[in-house]
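Report on the following structure.
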Amino acid sequence: MGERLRNPLRKARSEKVLTLLLLIPILAVLFAYVLYPTFRTLVESLTAEGRFSLEHYRQFFSPEALTNLEALWNSLYISVLSVLLSGLVGVPLAFIFNRYEFPGRSFFASAAVLPIVLPPLVGVMSFLFLYGESGLITRTLQSLLGLEEPPFRLGGVSGILLVHTYTMYVYFYMTVSAAIHRIDPAMEEAATNLGAGRWTVFRRVTLPLLTPALVAASLLVFMTSMASFSAPFLLAGGFRVLSLQIYISKLNGDLEMAATQSVILSVFSISFLLLMRWYQGRRDYGIAGKGVSAHRREVQNPWIKWPLVGLGILGVFILLLPHLTLILLSFVPEGAWTWQTYPTRFSLENYLLLMEDPNIWEPVKNSLNMAALATGGNFLFGVLASYVLVKRKFAGKNLLDILVMLPWALPATVVAMNMILAFNQPTPFTFGNILVGTYWILPLTYFVRHIPLVVRSTNAALEQLDDSLEEAARNLGAGWFTAFRRVVLPLILPGAMAGTLLAFVTAVGEFVSSVLLYTIDNRPISIEIMNQLRMFNLGQAAAYAVYQIALIGIVMFISQRFLGVKTHNTL
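Residues in the sequence shown are numbered consecutively from 1199, following my numbering.
The following block contains the structure:
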């Protein structure tokens, strides 16, 4: 009897020890590379002349410092407008492509996610090539209409909002599409049978069920817009936003003000996150139905069906224009498009240089190597952290979950500033070395920034995994590591790889962190694109962009075709 009692107690103690051993490396990484850099930024913002002071915050909010207040206000209202405009585009598209059947619907629905393969900098660059003062469409209209001046100029608030809407409506489209598929049509039919009109059914039944998806998309768009750097960097002109002010302060060597701006930007981003989570948590949005997915109604009326097809074709053309423009311009050799209305020559020169000139290929190699290093770390850390969060029991689990998700809640400019302020001096976490100005600072930043992507996608897989499978292996004599390697990991691998591949393509296209941290030895593709634009070598910049898009497209195709996991599951 005593032996039987001791065995469960011994097992419980061993499980606690195992949980502790798994937690130690997770907590060490989060403390060293997430908490400590964040704390250093906060301390820097509260320090003046070596002592505690609120002077930098007084400067930020003082009436004389209108630049900072203006930048904060601009960031906020640009982000709110980006949410509204992205929702106005993405939500109707989700309903049209998921509720109605018409010729070409499947192709149009797939084409609607095309903007997601454009890295932020590349997306802005393609719009400049199309709609900028010297863009293809701008010059074409000027030539056709015989105008002395360009008919429009892409820039300022309208330019930023146009780029944001094009690149961010996809968040609404994908999350709402996924939610529509989960709605049981019987619920809407029941409301209709009880006498409710279409508008009432939508307002009282459909919209509440879509609220979690709308909140999630709004969060993504707002936080992405608050952190947006590429569009303001290239299009803002005299228009200021807070992410750009951080960059300017850093360039001017005013690290204390850059730290203060970073803290304030983080506070507003996280406050919006908490507000939207509170709004979502006020009510229960669970679906108590049969779990039958929504069906699509075929459009029979030709006066509706064929205009929908026409709009679909026009929409696909508009969506493809930025991609096609980059491909076209990648064949334009240097000096072949300056004052002319259109490029005058096309050749393979830019691609040949990428393959033949080691110096031109170097940024591509740097991006691939740094993304691979960071993503390898993301996979190992993300799978372990996700397993502990989902399958182990311990006090403080909610706090650990918040710490894991913190790098995604912080804007990329803030994460980069955290790294600068934390590792511009020797620390125990860098083994007594200074990381700023070295090759390794960028892979580390990519790793920290993309931890949540792998954790979230792996969480979804682990939550669907029956605990009895691992317990059976342990009861048959397998140790924890053997059971995890032979049973758990193979079953969750598709979900973990989906987040890992998304982290990889995001790292390959990363610009915001890179522009604050790169050195000449580790400059990635995005920085080289910017350098080529500054030298007016548009063809080479476009060739680099095509490489980025092709790589991202291939990786996303692999993740969806062979791993069977949709991109929206990892967002």
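The C-beta atom is built at its ideal place from N, Cα and C for all residues, glycine as well.
Length of the line joining the Cα atoms of residue i and residue j
| i | j | result |
| --- | --- | --- |
| ASN1616 | ILE1462 | 13 Å |
| THR1611 | LEU1700 | 20 Å |
| PRO1609 | TYR1644 | 13 Å |
| GLY1675 | LEU1219 | 20 Å |
| LEU1781 | LEU1550 | For residue 1781 there is no data in the structure shown, the boundaries of the chain being 1199 and 1769. |
| ILE1600 | ALA1456 | 25 Å |
| LEU1342 | LEU1526 | 21 Å |
| ALA1725 | GLY1285 | In the sequence as displayed, the identity of residue 1725 is Ile instead of Ala. About 31 Å. |
| PHE1431 | ILE1276 | 14 Å |
| THR1422 | SER1212 | 43 Å |
| TYR1364 | MET1754 | 19 Å |
| MET1733 | THR1336 | 21 Å |
| HIS1648 | THR1573 | 8 Å |
| PHE1250 | ASP1555 | 52 Å |
| SER1280 | MET1424 | 10 Å |
| PHE1350 | GLY1436 | 17 Å |
| THR1628 | VAL1703 | 26 Å |
| THR1656 | THR1265 | 43 Å |
| SER1712 | THR1236 | 18 Å |
| VAL1320 | LEU1731 | 11 Å |
| GLY1302 | GLY1510 | 8 Å |
| LEU1274 | ARG1684 | 49 Å |
| GLY1677 | ARG1654 | 26 Å |
| PHE1679 | LEU1221 | 15 Å |
| ASN1576 | TYR1637 | 18 Å |
| GLY1333 | ILE1718 | 30 Å |
| GLY1741 | ASN1564 | Looking at the sequence itself, residue 1741 is Ala, so the reference to Gly does not match. C-alpha separation (whole angstroms): 16 Å. |
| PRO1406 | PHE1420 | 21 Å |
| PRO1505 | LEU1512 | 10 Å |
Simplified DSSP assignment, three categories, for residue i
| i | result |
| --- | --- |
| TYR1298 | strand |
| ALA1246 | strand |
| LEU1509 | helix |
| SER1426 | coil |
| ALA1486 | Residue confidence for ALA1486 is low, a pLDDT of 48 falling below 50, so the modelled location carries little weight; the figure read from the coordinates is stated next. Note: ALA1486 maps to coil in three-state DSSP. |
| TRP1638 | coil |
| ILE1718 | coil |
| ASP1664 | coil |
| LEU1687 | helix |
| LEU1608 | coil |
| GLY1200 | Its pLDDT being 48, under 50, GLY1200 is placed unreliably in this model, and the value from its coordinates should be taken loosely. Helix, per DSSP. |
| GLN1746 | helix |
| ALA1351 | Just to set this straight, residue 1351 is Arg in the shown sequence, not Ala. Three-state DSSP puts ARG1351 in coil, outside helix and strand. |
| SER1464 | helix |
| PHE1515 | helix |
| ASN1450 | coil |
| GLY1630 | coil |
| LYS1591 | coil |
| VAL1278 | helix |
| ILE1771 | There is simply no residue 1771 to check, as the chain begins at 1199 and stops at 1769 in what is shown. |
| PHE1437 | coil |
| TYR1734 | Before going on, a small fix: residue 1734 reads as Phe here, not Tyr. Residue state, collapsed to three classes: coil. |
| GLY1707 | coil |
| HIS1648 | coil |
| LEU1621 | The question names Leu, but residue 1621 is Phe in the sequence shown. Note: PHE1621 maps to coil in three-state DSSP. |
Residue i and residue j closer than 8 Å at C-beta
| i | j | result |
| --- | --- | --- |
| GLY1288 | TYR1234 | no |
| GLY1697 | VAL1646 | no |
| LEU1326 | LEU1518 | no |
| ALA1569 | VAL1744 | no |
| GLU1668 | ALA1681 | yes |
| LEU1640 | PHE1621 | no |
| GLU1242 | GLU1454 | yes |
| ILE1446 | VAL1562 | no |
| VAL1588 | ILE1224 | no |
| LEU1689 | LEU1663 | yes |
| PRO1309 | VAL1507 | Per the sequence presented here, residue 1309 reads as Ala, with Pro not at that position. Cβ distance not < 8 Å, so ALA1309 and VAL1507 don't count as in contact. |
| LEU1185 | LEU1283 | Because the chain here runs from 1199 to 1769, residue 1185 falls outside it and cannot be looked at. |
Whole-angstrom C-beta distance between residue j and residue i, which should lie under 8 Å
| i | j | result |
| --- | --- | --- |
| VAL1322 | ALA1429 | 5 Å |
| ILE1727 | VAL1315 | No, ILE1727 and VAL1315 are not in contact; Cβ-Cβ is about 15 Å, not under 8 Å. |
| PRO1626 | ALA1659 | That pair is no contact at about 35 Å. |
| LEU1552 | TRP1559 | 6 Å |
| LEU1328 | THR1523 | 5 Å |
| ALA1292 | TYR1231 | Contact doesn't hold; Cβ gap of about 37 Å is too wide. |
| ASN1548 | GLY1737 | 5 Å |
| PRO1650 | MET1695 | The Cβ separation is near 16 Å, so there is no contact. |
| PRO1317 | GLU1331 | Not confirmed; about 23 Å, so no contact. |
Cβ of residue i within 8 Å of any chain D Cβ
| i | result |
| --- | --- |
| VAL1744 | No chain D is part of this structure, which consists of one protein chain only. |
Within the region 1529-1573, ranges of the beta strand (DSSP E) (whole runs, at least 3 residues): none
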